[in-house]
Amino acid sequence: MIETISTKLSLKDVLGSLKVRLGIGRMDYAVEPGLYAIGKPGGNSPVLVSANYKFTFDTLRKNLAGLDCWLLILDTKSVNVWCAAGKGTFGTDELIHRIETSELSKYVSHSRLILPQLGAAGVSAHEVKKCSGFDVDYGPIRASDIKKYIEMGCEATREMRTVQFNLWDRLVLVPVDLIAAVKYSLPVIGVLLVANQFAPKPFDKTDAAVSAGAVFAGTVLTPALLPYIPGNAFSLKGWLLGLGCTAGILGLSRKYTKDDRMLAAGSLLLYPAISSYLAMNFTGSSTYTSPSGVNKEMRKALPLIVGASAIGAGLVLGSHLLGGRKTK
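Numbering (my numbering), first residue to last: 508 to 835.
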């Protein structure tokens, strides 16, 4: 029995999408793979192939209002089409397997499949044809263009093939990394509050400001200003913004450069390194990168980030825990 699904999202769907945007339950947000119906599809209705990541699934179906079509959902382990294609779960073998297990040929009289363009890296069209008899067409990048694409006889315009990745596209990805960074910062804050009970020089609002600035530079400013920051490496972009934020806060506070050069030096090593690492996390969300490029950058950047963080943390902690209180 083929399940017919609505193109209208429920409140539960909307709240689920919001939770995923905030990084909550991300890896468990999936639908069952298999064949679904939109409207009242028949033998000549188009077959759209997508991932079982529910956010992707919901984005697709809400853009299909008024269409009669089939959805063939692959088991991508709750990963979106683009990332799953790179990992191989949105791939040739899974597509052939899902065609067979769903008995797709029983429901359609044609042999055309419409796949998302961003899934092309994982699928060998000639192998799919050879093993299943189905031809592969690559549809538009954005789900919002699918109806127009089908109405035009499955012909895509140049705009439909172009990845925009504008400011809004980048900012909607920010909450996941920002929430994760804040979550991992909480235990550190707890340790510092305990340390303040006996530290000769307690951590204060300036320390909090440079820490927050490092997180903000790496998770928010870098994605927002990505095309305008010098350099190609995300780690370099994040480091530059982190350095600017740290130096700016230190300069405004005045006390670091005047009273404690050890603390200033440690901060200028530690906090830009944190920004650099957080910015590098965005490589998995960006259209500017490739798997080989990301691996190359990580091999070069991680030793520098770890080294700078270790030395910087040592200087910052040493200044607070071993330094004496300043007297007027």
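C-beta: ideal position from N, C-alpha, C; glycine also. Fair warning: this is a prediction, and the values are worked out from it, not measured in the lab.
* To do: Measure the alpha-carbon distance for asparagine 559 versus valine 801 and round it to whole angstroms.
  => Counting from one through the sequence shown, the residue named residue 559 turns up at place 52. Counting from one through the sequence shown, the residue named residue 801 turns up at place 294. Going from the Cα of asparagine 559 to the Cα of valine 801 covers about 25 Å.
* To do: Classify leucine 622 as buried or exposed, calling it buried when 16 or more other Cβ atoms lie within 10 Å of its own Cβ.
  => Counted from its first residue, the sequence shown places residue 622 at position 115. Its Cβ being crowded by 16 or more others within 10 Å, leucine 622 is buried.
* Asked: Opposite threonine 566 in the DSSP bridges: which residues?
  -> Against the sequence shown, residue 566 aligns to sequence position 59. In the DSSP output, where bridge partners are listed per residue, threonine 566 has none listed.
* From the DSSP output, read off the bridge partner residues of glycine 541. => The residue given as residue 541 occupies position 34 in the sequence shown. The partner list for glycine 541 (beta bridge, DSSP) reads Ile580.
* Taking DSSP as the reference, what is the three-state secondary structure of isoleucine 603? -> As a position in the sequence shown, residue 603 is number 96, starting the count at 1. In this structure, isoleucine 603 counts as helix in the three-state DSSP scheme.
* Taking just the CA atoms, how far does valine 722 sit from lysine 594? -> The sequence position of residue 594 within the sequence shown is 87, counting from 1. The sequence position of residue 722 within the sequence shown is 215, counting from 1. Cα to Cα, the separation comes out at about 29 Å.
* Asked: Just reading off the alpha helix (DSSP H) that serine 774 is part of, what are its end residues?
  -> Reading the sequence shown from its first residue, position 267 is the one you call residue 774. Here the alpha helix (DSSP H) through serine 774 covers 768-787.
* Asked: Looking only at C-alpha atoms, which of Pro734, Lys569, Pro779 and Ala632 sits nearest to valine 717?
  -> For this step, residue 717 is matched to residue 210 along the sequence shown. Out of Pro734, Lys569, Pro779 and Ala632, Pro779 has the C-alpha closest to the C-alpha of valine 717.
* Neighbour-count burial assignment, glutamate 601, 16 or more Cβ in a 10 Å radius -> Counted from its first residue, the sequence shown places residue 601 at position 94. By the neighbour-count rule (16 or more Cβ atoms within 10 Å), glutamate 601 is buried.
* Asked: Which runs of the alpha helix (DSSP H) spanning at least 4 residues fall entirely within the region 606-654, listed in chain order?
  -> You should have 632-639.
* Asked: With distances taken from CA atoms, which of Leu625, Lys561, Arg806 and Phe789 is nearest arginine 533?
  -> On the sequence shown, position 26 is the one that residue 533 refers to. For arginine 533, the closest C-alpha among the options Leu625, Lys561, Arg806 and Phe789 is that of Lys561.
* To do: Taking the CB atoms as reference points, tell me whether valine 823 and leucine 777 lie closer together than 8 Å.
  => On the sequence shown, residue 823 is found 316 positions in, with the first residue counted as 1. On the sequence shown, residue 777 is found 270 positions in, with the first residue counted as 1. A contact, by the Cβ cut-off of 8 Å.
* Asked: Does alanine 721 come within less than 8 Å of chain C when only Cβ atoms are used?
  -> Given the protein chain composition of this structure (a single chain), no chain C is represented.
* May I ask which residues mark the beginning and end of the alpha helix (DSSP H) holding isoleucine 756? => Translated into positions along the sequence shown, residue 756 becomes position 249. From DSSP, the alpha helix (DSSP H) with isoleucine 756 extends over 741-760.
* Asked: Touching or not, the region 564-584 and the region 630-640, by the rule of three or more beta carbon pairs under 8 Å?
  -> no
* Under 8 Å between the Cβ atoms of valine 630 and isoleucine 648? -> One-based indexing of the sequence shown puts residue 630 at position 123. One-based indexing of the sequence shown puts residue 648 at position 141. No, these two residues do not count as a Cβ contact at 8 Å.
* **Where threonine 596 sits in the DSSP three-state scheme** => For this step, residue 596 is matched to residue 89 along the sequence shown. Coil.
* Asked: Apart from the five residues just before and just after alanine 786, which ones in its own chain have a Cβ nearer than 7 Å to its Cβ?
  -> Numbered from 1 along the sequence shown, position 279 holds the residue referred to as residue 786. Taken in chain order, the residues that qualify are Gly725, Thr729, Phe741, Ser742, Lys744 and Gly745.
* Below 7 Å CB to CB, which residues in the same chain sit around serine 524 once its five sequence neighbours on both sides are set aside? => Taking the first residue of the sequence shown as 1, we reach residue 524 at position 17. Excluding residues within five positions, the ones whose Cβ falls inside 7 Å are Phe562 and Asp565.
* To do: Give the range of the beta strand (DSSP E) segment to which leucine 529 is assigned.
  => Within the sequence shown, the letter at position 22 stands for residue 529. Going by DSSP, leucine 529 is part of no beta strand (DSSP E) at all; its letter is neither H nor E.
* What residue ranges within the region 674-712 form continuous alpha helix (DSSP H) runs of no fewer than 4 residues, ordered along the chain? -> For the region 674-712, the continuous alpha helix (DSSP H) assignments of 4+ residues that do not extend past its boundaries occur at 674-678 and 681-702, in sequence order.
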